[in-house]
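What follows is one structure encoded as structure tokens, with my remarks underneath.
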Amino acid sequence: MLKTLKTIIVDDEPLARQELRRLLNPYHHIVISGEAGNAEGAANLIREINPDLVFLDIDLGMKSGFDLLESLDIDFEIVFVTAYDAHAIRAFEINALDYLLKPVHPKRLENAIERIGQSNSLQNKKMVGAADKIMVRRNLRQIFVSVDKISIIEANGDYTKIYVDDEYTGMVHQTLKSWEEMLPPELFQRIHRSFIVNIAAIEQIIKTASGTHEIHFNNFHLPVSRRYLKNIRAKFRIDT
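Residue numbers for the sequence shown follow the working numbering, beginning at 710 and rising by one.
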């Protein structure tokens with residue numbers, strides 16, 4: 710049974726709040742504990758109720774949904790519900806669970822509820838599954854990539870480079886450590902301070918003449934650091 714989630718709807722349009730309530734009605738574990746039509750009212754309500762989940766519009770009049778989040782030091786899950794897709798990158802950079810465009814389609818809401826359920830079942834750890842999609846940015850494009858299609862994740866400061874089929878696909882504003890905590894360990898393995906790899910994409914594990922190890926893909930040879938070699942050996946039953 711899914712845990713009951715105290716939920717707040719924040720939108721400056723009363724009809725939009727009413728419609729979202731109607732769409733959420735079949736999901737009995739999503740309990741609407743309050744509504745707000747502006748950022749100030751939402752901040753007060755969130756501090757009072759301490760919700761598990763907030764459905765949040767971005768355009769709230771004088772202040773935006775992002776302004777609201779910056780004013781709060783309370784941990785809750787966020788699903789953005791907005792008429793515009795222009796803020797999608799920023800929304801995912803702050804680890805929103807989903808980004809729904811108005812008018813909200815019931816099937817898209819169902820997908821968002823599934824994400825919420827996954828987050829809840831994992832005790833609020835923002836884990837991702839093989840079938841989930843992430844959004845990466847390349848130049849001015851936003852590209853959605855299935856997690857199980859990622860072959861390599863490479864550290865790049867506070868960002869990470871995402872490779873699909875060993876080809877550079879784009880960047881995500883997220884550290885490698887954060888990826889390590891989110892990705893399913895049966896599918897992905899940290900091999901170096903700079904790399905996480907998809908186990909299914911590995912072609913060979915080679916011991917070099919100098920005694921170090923490398924993991925070979927179609928287009929890459931990546932080093933395995935001593936720190937992670939023990940895990941690699943255990944996972945692949947390597948004796949040398």
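Idealized CB from N, CA, C, for every residue including glycine.
- Taking C-beta atoms as the reference points, I717 and G750 fail to come closer than 7 angstroms.
- For I798, the enclosing alpha helix (DSSP H) starts and ends at A797 to E802.
- The count of Cβ pairs closer than 8 angstroms, one atom from the stretch 867-884 and one from the stretch 808-826, stays below three, leaving the stretches out of contact.
- The residue among A909, I915, F775 and L810 with its C-alpha nearest the C-alpha of N804 is F775.
- For the options G879, F929 and A748, the alpha carbon positioned closest to that of V854 is the one of G879.
- Within 10 angstroms of the beta-carbon of Q898 lie 16 or more other beta-carbons, which makes it buried.
- Secondary-structure assignment with DSSP links I825 through no beta bridge to anything.
- Of all alpha-carbon atoms in P723, P815, L714 and I861, the one lying nearest the alpha-carbon of I787 is that of L714.
- Ranking P735, R846 and K916 by CA distance to the CA of Q883 puts R846 first.
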